[in-house]
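Step one of this worksheet: look at the structure below.
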Amino acid sequence: MRNLNLNRLNRILIIFSKINPKPKIELTFSSDFELLISVILSAQSTDRMVNIVTKNLYKHTNTPKSFLLLGVDNLKDLIKSLGLFNKKSRNIIQTCSILINKFHGKIPNNMFDLLSLPGVGRKTANIILNSIFKKNTIAVDTHVFRVCNRIGFVKEKRILNMEKKLFDIVPEKFKFHFHNWFVLHGRYVCKSKHPKCSLCIIKNYCEFKYKNF
1 MRNLNLNRLN
11 RILIIFSKIN
21 PKPKIELTFS
31 SDFELLISVI
41 LSAQSTDRMV
51 NIVTKNLYKH
61 TNTPKSFLLL
71 GVDNLKDLIK
81 SLGLFNKKSR
91 NIIQTCSILI
101 NKFHGKIPNN
111 MFDLLSLPGV
121 GRKTANIILN
131 SIFKKNTIAV
141 DTHVFRVCNR
151 IGFVKEKRIL
161 NMEKKLFDIV
171 PEKFKFHFHN
181 WFVLHGRYVC
191 KSKHPKCSLC
201 IIKNYCEFKY
211 KNF
């Protein structure tokens with residue numbers, strides 16, 4: 001049974017790899033630092049909304065030093081259309097201070113140091129390690145968590161447990177793109193409400209009992 005299940009999971013990953021061999025994160029950024037800030041801003045906000053906000057924000061404020069000069073109150077005004085903008089503003093300013101004082105303005109390249117930055121959790125850290133440092137990490141956000149449980153790829157009630165299990169069972173050659181494949185699938189096809197099952201490229205391997213065609 002285990003071998004049959006792993007074969008089904010492998011087929012799903014093969015399909016994603018053939019249809020979209022190089023999936024891209026949909027946040028807009030032009031530096032490692034900008035990506036870090038955008039991922040922090042994306043908590044409980046859509047990538048589309050974050051990109052709208054950062055298009056203006058990054059014109060003049062796109063380094064740790066420039067964010068410190070901007071200050072918390074001015075940053076709040078610039079990102080107030082995003083959810084949790086008060087908390088995000090404080091976290092970003094604190095993170096910029098730590099980057100300058102502890103990491104010489106550079107983004108740390110390991111989980112331990114990334115998690116020391118305010119506003120950075122495991123999801124954000126894994127995205128940074130994957131996107132910037134090209135490590136085979138698997139970030140589990142709401143899309144990945146929902147899609148994995150719904151289609152029966154991995155069923156877990158806790159995000160951390162899912163992250164660990166995915167890292168164990170996903171073949172090394174598929175780990176690098178796994179997060180982006182499942183995010184894009186969850187965002188545009190396997191939606192939280194009204195999933196587009198008729199358009200699903202993996203519908204023959206999906207265990208969702210309420211599939212609609």
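Under the UniProt record's numbering, residues 1 to 213 are what the sequence shown spells out, in order.
Each residue gets a CB set at the ideal place from its N, CA and C atoms; glycine is no exception.
Rounded to whole angstroms, the gap between the alpha carbons of Leu-78 and Gly-119 is 18 Å.
Looking at Phe-145, Asn-212, Leu-41 and Ile-201, the one whose alpha-carbon comes closest to that of Ile-92 is Leu-41. Per DSSP, reduced to three states, the secondary structure at Ser-66 is helical. Distance from the Cα of Ile-159 is smallest, within the candidate group Gly-152, Asn-10, Val-144 and Pro-171, for Val-144. Of all alpha-carbon atoms in Leu-36, Leu-166, Arg-11 and Lys-209, the one lying nearest the alpha-carbon of Gly-105 is that of Leu-36. Close CB contacts of Glu-34 within its chain, under the 8 Å cut and outside five residues either way in sequence, are with Thr-54, Tyr-58 and Asn-62 (chain order). Between Ile-138 and Asn-126 the beta-carbon gap is near 6 Å, inside 8 Å, which marks them as a contact.
For the pair Asn-136 and Phe-176, the CB atoms are nearer than the 8 Å cut-off.
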